[in-house]
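Below is one structure, written out as structure tokens; comments come after it.
4 protein chains.
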Amino acid sequence: MTLQVGVIGTGMIGQDHIRRLTKVLSGVQVVAVTDIDRARAASAAPEGAEVFDTPQALIRSDKVQAVVICSWGPAHEEQLLDCIAAGKPVFCEKPLVTSEAAALRVMEAETAHGSRLVQVGFMRRFDADYRRLKAVIDGGSLGAPLMYHSTHRNASVPEGLYTSEMPLNDTLVHDADISRWLLDDEIAGVEVRVPRRNSRGKELRDPVMVLLHMTSGVIVDVEISVNIAYGYDIRGEVSCEQGLAALPNRPAVVISDQHGIRQAIPEDWRERFIEAYDQEFREWIVAAGQGTATGPSTWDGYAATLVADAALRAVDSGKREDIRMTRKPGLYDRPAQAAA
Amino acid sequence: MTLQVGVIGTGMIGQDHIRRLTKVLSGVQVVAVTDIDRARAASAAPEGAEVFDTPQALIRSDKVQAVVICSWGPAHEEQLLDCIAAGKPVFCEKPLVTSEAAALRVMEAETAHGSRLVQVGFMRRFDADYRRLKAVIDGGSLGAPLMYHSTHRNASVPEGLYTSEMPLNDTLVHDADISRWLLDDEIAGVEVRVPRRNSRGKELRDPVMVLLHMTSGVIVDVEISVNIAYGYDIRGEVSCEQGLAALPNRPAVVISDQHGIRQAIPEDWRERFIEAYDQEFREWIVAAGQGTATGPSTWDGYAATLVADAALRAVDSGKREDIRMTRKPGLYDRPAQAAA
Amino acid sequence: MTLQVGVIGTGMIGQDHIRRLTKVLSGVQVVAVTDIDRARAASAAPEGAEVFDTPQALIRSDKVQAVVICSWGPAHEEQLLDCIAAGKPVFCEKPLVTSEAAALRVMEAETAHGSRLVQVGFMRRFDADYRRLKAVIDGGSLGAPLMYHSTHRNASVPEGLYTSEMPLNDTLVHDADISRWLLDDEIAGVEVRVPRRNSRGKELRDPVMVLLHMTSGVIVDVEISVNIAYGYDIRGEVSCEQGLAALPNRPAVVISDQHGIRQAIPEDWRERFIEAYDQEFREWIVAAGQGTATGPSTWDGYAATLVADAALRAVDSGKREDIRMTRKPGLYDRPAQAAA
Amino acid sequence: MTLQVGVIGTGMIGQDHIRRLTKVLSGVQVVAVTDIDRARAASAAPEGAEVFDTPQALIRSDKVQAVVICSWGPAHEEQLLDCIAAGKPVFCEKPLVTSEAAALRVMEAETAHGSRLVQVGFMRRFDADYRRLKAVIDGGSLGAPLMYHSTHRNASVPEGLYTSEMPLNDTLVHDADISRWLLDDEIAGVEVRVPRRNSRGKELRDPVMVLLHMTSGVIVDVEISVNIAYGYDIRGEVSCEQGLAALPNRPAVVISDQHGIRQAIPEDWRERFIEAYDQEFREWIVAAGQGTATGPSTWDGYAATLVADAALRAVDSGKREDIRMTRKPGLYDRPAQAAA
């Protein structure tokens, strides 16, 4: 049985997902595409796929069983509501939506529908390294987690396009989501501290240090550096009551030469998370084939929106900004992960 | 376009490949199976696949575009010759065949056919770590390779089933093949030395040390240990003129606890090479879809047969046993790797 | 030429330093000891050393060229002032003194004397790993430091004796001093955050997280855990503008066994810093032989006192507590390190 | 009590040992020096040391309690016999002597004396990494050792001065001695294999691979590379019945920059073994102060001579060359290590 998928948005990430669904993964077929730029949609469409004029038309088409949203953030709410109205499973790239109110509306619609339909694109949860890390923590042999050190370093960001708000409302959401997932916890408060500025990114507030206060009392300290030149370096270490668990080096060749004994560091997120993206869709295909969704949910997208808002407030106030979440619908309690 | 595949042999490895072709990979469908045990074939057959009475019938069936051979070694020659006669691409688990004469007959048939049809199951060539290692060596920045240290350690082997000949005619072929591939070289001679015996495998000649003398003069020293208890530990280090390149630790969580700072070691080959098996078939599907084969060839299977024979002679003689290969058919010169 | 040394205080640390000065190091002789417990002093005295009744008598004795203070903290001020009055070089175990006022009095006396006489026992500065780390930072190839992550983990602390204030007024001073030294900077403000409590140390505030705001804007985040069971694990990583520099694993045997591939972690500070203590005294002997002092100074002991005070205020206030230092006497500007 | 030492030979290594005995270590004083170049001896003599005209005069002088021999190899036999005749403890740099017959003569003289006087300069036995490695093997938790992989890599050797025989009669002795010590075993046979030549050292036989067959059956494979450019890289890994134990990376700063995540490799043996040389003399001073010797003995120097001879024969014969040792005098059974 092959899942018939429609893709909304055929920019860089949309094209990459079309490639993935077409050439890498099994049990899935891209049968429909749409984009605000119709020519771009036509050129991105794989053989046999229909090009639709509007997202709404694509979502409602009988040939489309499930939807992948790669449009820009402000368009997501309407497209998600259309998918839910049509009862079709939908994968939505981050951000889920761009305001708390929008997140609540999507959550209300999905809750009214009665079962999960939405998976949000937090790909780190599908990374093998993070999954093994979570398994160790959950295994309990190290005792309860007390602190989590998360470092998120980018070699560079596009000058002009990447603003000083983005470490907090764009980059941070990955660390925030993975903290919530890894620790099985929610974020209760956010603090931001701004260290000495990196002279390589002249106009930017870079790096930033963020403290996430979890409901359990765990403190997460996040270093976000977006111009660190040497590579894309994602690290995480959990301090537990009687031991540590940390992400390993990436499996690069161990070279001994005039630069020492060394391993290469990934250049960017594509290289670092390529398998995680594949696995993210592998599991989505299984769940969508059963008419539902697993993995990161609307609730997680809602939480991400709240963290981004709180972080922006915190950098201005210099204080801890609290997060108050609505009551969690039962729909989002501990979804079983789909079998891979 | 979906490749229609028939699988011969539905034992443990055959069942695993059927799972892989059915649930993991795209662009492929298992449409036919056969086994000397018909009931086992029937139970292993995925939905819609036909169970054939004989390998010959399966190979000749119009619905089968390409064949996967997972039967036992002595049956391979006839099945390979049938596939070549039918002009169908075939993936053959190792060993290709069980004698030099048989290897030459298969090679002759394929050469007469005029293009490659056979891919042999040396999965290490598809492992990401080995591929990155080869890329570093081929890149040339470390100068020419001079020595290669290959260690092949198994936690244990099935008592009674695994004999003292098997380190040399079964286990060694992986190190021999990967040495030939990594160094782009052939093996000219083999020596075997037998160290102090591991008391854990009482009746076995274990470990063994093998020296492979490559045509270029590179010496490969192989440690084969098959009862080392602690895990399945595959290592490789190339000493070049001005540096080293080595396989890294596997990407396990870095744990700090009462046992120190540590990373887990794979338990067995399934855990270690699971992605390599997937990739091996991913590339086979692409090539078979084009009516041909890439990756490890009949020539490589032939070389493996010669090495196993020479190693068995060398352990008895205590001397270097030379390998003399026939002239290499042009068919096997540097096949371009299929696009992944 | 052999330096004639008198040791004040012959408890555990005093006895260890006597052993060091007697059996490990050259160019030095312990000629005098004293302790509030005269019997303990007598039993700790090496052959030929005189046991004095009071610190004052020992300090003033003609046979004593330099003094090592290992008494308890509250006694340090008077003994230091006596040494300075006598113009004798003195090594003083931490804490230098126990109040800001006392530190200022010692600093005034030494400044009046006109040259350095006091070295404080911050042994980390003499550790080879930290020194290599500083050399990399000072080398400048990674750009300016922006953040420093310091983790200070103890397997356990003596129940009952170690109070909730001690992570902040005793343990933290090592991280604070090494941060000032490594970054060539001063601490301008301190924040303390208290994560979820480690249930292994029931009555203790453990762990704590401390943020040190350096004058340059660098932020240092310190994790102090004092009941983490698995070992004594001191880590440090500097995030610079274009790279990182971090302390390595300790050089333990790499074992592969049923617990994985692993290296042991030191059990306690004695094991971790044994060579640093030796080196600390090696350099003190050289400087004291020249009638002066190098290494950590009265100024550094004064800074440590201020940090401890600020950290205790910060844990109560929940806010950043600023540190205001007096004007730095020229005496303490960048002392040349004594030749080892 | 201070040991009065005379040093024979004040070339590079002699000068370094004089520095060590004078400035680094305690309980020792260099009171006499001699050299075939009297001016060099005079200039190397520390304050208060007498310059002697001949080794014999120095050895016999009443002011000399113990002797350090740093002259060239062919002079060692006579000087050692003189020391033994005088009953004075002697540290002798490698090689002990330059022929089997000479080694036997020295051994006979020392045996006739009735207790050990000679310590040979195999400094690796005093290296903390090797000692920890031996402790793990001796601890027995990994089972019996079966194979030992020893790699000995030099960045470069002095062109013209370093001949093709020297990897086998000069460099190899370190690996041979450390194998005997680590495994508590003797070498029964030697094989040499010559891989593809490193084009960086054009006239040299480099690298070489040596197999040492130990009496227990353990096989040691040694890679000796003397022009590998990237550094001085000494590695060792013991394969035991149920696990491995290996030397770790040297404790260099972990740098993450454009070259990857990396640690520096030592440049040469001085950097790598500086602490081992110190410790070697520290223990010698203790034993010599008691009128005896511990550590590497005349027996070990004799074994080294046999291995070098056998390796030179083996590279010519292409075969295993056996080593037959004389009966071991009881004097050399398991000497207790001097307390450090």
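Each protein sequence line maps, in turn, to chains R, V, G and B.
No gaps in the numbering here: position 336 of the first sequence is 336 in the UniProt record's numbering, and each next residue is one more.
No gaps in the numbering here: position 177 of the second sequence is 177 in the UniProt record's numbering, and each next residue is one more.
No gaps in the numbering here: position 87 of the third sequence is 87 in the UniProt record's numbering, and each next residue is one more.
No gaps in the numbering here: position 64 of the fourth sequence is 64 in the UniProt record's numbering, and each next residue is one more.
Even glycine gets a Cβ: it sits at the ideal position worked out from N, Cα and C.
Please name the residue or residues paired with R153(G) in a DSSP beta bridge.
For the purposes of this step, residue 153(G) is taken as the residue at position 153 of the third sequence. Paired residue(s): S225(G), D233(G).
Let me know the alpha helix (DSSP H) ranges lying completely inside the segment 21-95 of chain G, each 4 residues or longer, listed in chain order.
38-44, 55-60, 76-86
Stretch-stretch touch, CB-based, cutoff 8 Å, three pairs: the segment 130-139 of chain R with the segment 178-186 of chain R
yes
What residues from the segment 164-179 of chain V come within 7 Å of chain B, judged by C-beta to C-beta, listed N to C?
none
Please name the residue or residues paired with P145(B) in a DSSP beta bridge.
Along the fourth sequence, one-based indexing puts residue 145(B) at 145. Partner(s): C240(B).
Give the secondary structure of A139(B) by DSSP, where H, G and I count as helix, E and B as strand, and everything else as coil.
Against the fourth sequence, residue 139(B) aligns to sequence position 139. Looking at the sequence shown, residue 139(B) is not Ala but Gly. Three-state result, G139(B): helix.
Quick check: T298(G) and M107(G), are their CB atoms within less than 8 Å of each other?
Your numbering for residue 298(G) matches position 298 in the third sequence. Your numbering for residue 107(G) matches position 107 in the third sequence. Yes, the Cβ-Cβ distance between T298(G) and M107(G) is below 8 Å.
With DSSP run on the structure shown, which of helix, strand or coil describes H17(R)?
What you label residue 17(R) is simply residue 17 of the first sequence in a count that begins at 1. Helix at H17(R).
Touch test, the segment 303-321 of chain G against the segment 141-153 of chain G, Cβ-Cβ under 8 Å, three pairs minimum:
no
If we count the other Cβ atoms within 10 Å of its Cβ and call it buried at 16 or more, is E165(G) buried or exposed?
Taking the third sequence and counting its residues from 1, the one referred to as residue 165(G) is at position 165. By the 10 Å Cβ count, E165(G) comes out exposed.
Just checking: is the beta-carbon of A338(G) within a distance shorter than 8 Å of some beta-carbon in chain B?
Here residue 338(G) corresponds to residue number 338 of the third sequence, with the count starting at 1. The predicted position of A338(G) is uncertain, since its pLDDT is 43 and thus under 50; no value can be drawn from it.
Does chain V have any CB closer than 8 Å to the CB of P251(R)?
Working through the first sequence from its first residue, we reach residue 251(R) at position 251. Cβ-Cβ to chain V under 8 Å: yes for P251(R).
In the DSSP assignment, find the alpha helix (DSSP H) that holds S179(R) and state where it starts and stops.
As a first step, residue 179(R) must be located in the first sequence, where it is residue number 179. 172-183 is the span of the alpha helix (DSSP H), which, as asked, contains S179(R).
For a contact meaning CB atoms closer than 8 Å, what does P207(G) contact in chain R?
Counted from its first residue, the third sequence places residue 207(G) at position 207. What P207(G) touches in chain R: L146, M147, S239.
Three Cβ pairs or more, each shorter than 8 Å: is that satisfied between the segment 195-211 of chain V and the segment 219-231 of chain V?
yes
List the residues of chain G whose Cβ lies closer than 7 Å to the Cβ of G236(B), in chain order.
Within the fourth sequence, residue 236(B) is the residue found at index 236, counting from 1. Chain G residues near G236(B): none, gap ~10 Å exceeds 7 Å.
The alpha helix (DSSP H) with E203(V) in it runs from where to where?
For the purposes of this step, residue 203(V) is taken as the residue at position 203 of the second sequence. Element bounds for E203(V): n/a, residue is neither H nor E.
In the DSSP assignment, the beta strand (DSSP E) including A252(V) goes from what residue to what residue?
Taking the first residue of the second sequence as position 1, residue 252(V) is located at position 252. Counting along the chain, A252(V) falls outside any beta strand (DSSP E), and DSSP gives it neither H nor E.
Between the segment 27-35 of chain R and the segment 31-50 of chain V, are three or more C-beta pairs nearer than 8 Å?
no
Quick one: is S89(V) buried, meaning 16 or more other Cβ sit within 10 Å of its Cβ, or exposed?
Along the second sequence, read from residue 1 onward, the residue named residue 89(V) stands at position 89. The question names Ser, but residue 89(V) in the sequence shown is Pro. Under this definition P89(V) is a buried residue.
Using beta carbons (cut-off 8 Å, strictly below), is V218(V) in contact with chain B?
Along the second sequence, one-based indexing puts residue 218(V) at 218. Answer yes: the Cβ-Cβ gap between V218(V) and chain B drops below 8 Å somewhere.
Going by DSSP, name the residue or residues bridged to L3(V).
For this step, residue 3(V) is matched to residue 3 along the second sequence. DSSP lists V28(V) as partners of L3(V).
Span of the beta strand (DSSP E) around Q263(V):
By 1-based counting over the second sequence, the position of residue 263(V) is 263. Run containing Q263(V): 260-263, per the beta strand (DSSP E) assignment.
Measuring CA to CA, which of A264(V), R272(V), R116(V) is closest to D300(V)?
Here residue 300(V) is taken as the residue at index 300 of the second sequence, counted from 1. Cα-wise, what sits closest to D300(V) is R116(V).
In terms of residue numbering, what span does the beta strand (DSSP E) encompassing M209(R) cover?
Within the first sequence, residue 209(R) is the residue found at index 209, counting from 1. M209(R) -> beta strand (DSSP E) spans 208-214.
Excluding five sequence neighbours on each side, which residues of the same chain lie with their C-beta closer than 7 Å to the C-beta of P266(R)?
On the first sequence, position 266 is the one that residue 266(R) refers to. Taken in chain order, the residues that qualify are G231, Y232, R250, R272.
Does K328(V) have its Cβ less than 8 Å from a Cβ in chain R?
Sequence index remark: in the second sequence, residue 328(V) carries index 328 (1-based). No, no contact with chain R.
Quick one, which of C240(V), G295(V), R282(V), R19(V) has its alpha-carbon nearest P145(V)'s?
Along the second sequence, read from residue 1 onward, the residue named residue 145(V) stands at position 145. Minimum Cα distance to P145(V) is reached at C240(V).
Is it a yes or a no for the segment 244-262 of chain G touching the segment 90-100 of chain G, going by three-plus beta-carbon pairs under 8 Å?
no
Positions along the segment 257-273 of chain V whose CB lies within less than 9 Å of some CB in chain G:
D257, Q258, H259, G260, I261, R262, Q263, A264, I265
If you count every other CB in all the chains shown that lies within 10 Å of the CB of Q258(R), and 16 or more means buried, which is it?
Taking the first sequence and counting its residues from 1, one reaches residue 258(R) at position 258. Under this definition Q258(R) is an exposed residue.
Three-pair Cβ contact test at 8 Å for the segment 37-54 of chain B versus the segment 66-77 of chain B:
no
Within its chain, find whatever has a CB closer than 6 Å to the CB of V157(V); leave out the 5 residues flanking it on each side and keep chain order.
Taking the first residue of the second sequence as position 1, residue 157(V) is located at position 157. Counting only Cβ-Cβ distances below 6 Å, and skipping sequence neighbours, we find V226.
Under 9 Å between beta-carbons, which chain R residues line up against G140(G)? List them in chain order, please.
As a working note, residue 140(G) is residue 140 in the third sequence. Result: empty, since nearest Cβ-Cβ is about 13 Å, beyond 9 Å.
Taking I8(V) as the reference, give the member of L142(V), T2(V), V24(V), E78(V) with the closest Cα.
Along the second sequence, one-based indexing puts residue 8(V) at 8. Of L142(V), T2(V), V24(V), E78(V), the residue nearest in Cα terms is E78(V).
With a threshold of 16 other CB atoms inside 10 Å of the CB of D177(V), please say whether the residue is buried or exposed.
As a position in the second sequence, residue 177(V) is number 177, starting the count at 1. Under this definition D177(V) is a buried residue.
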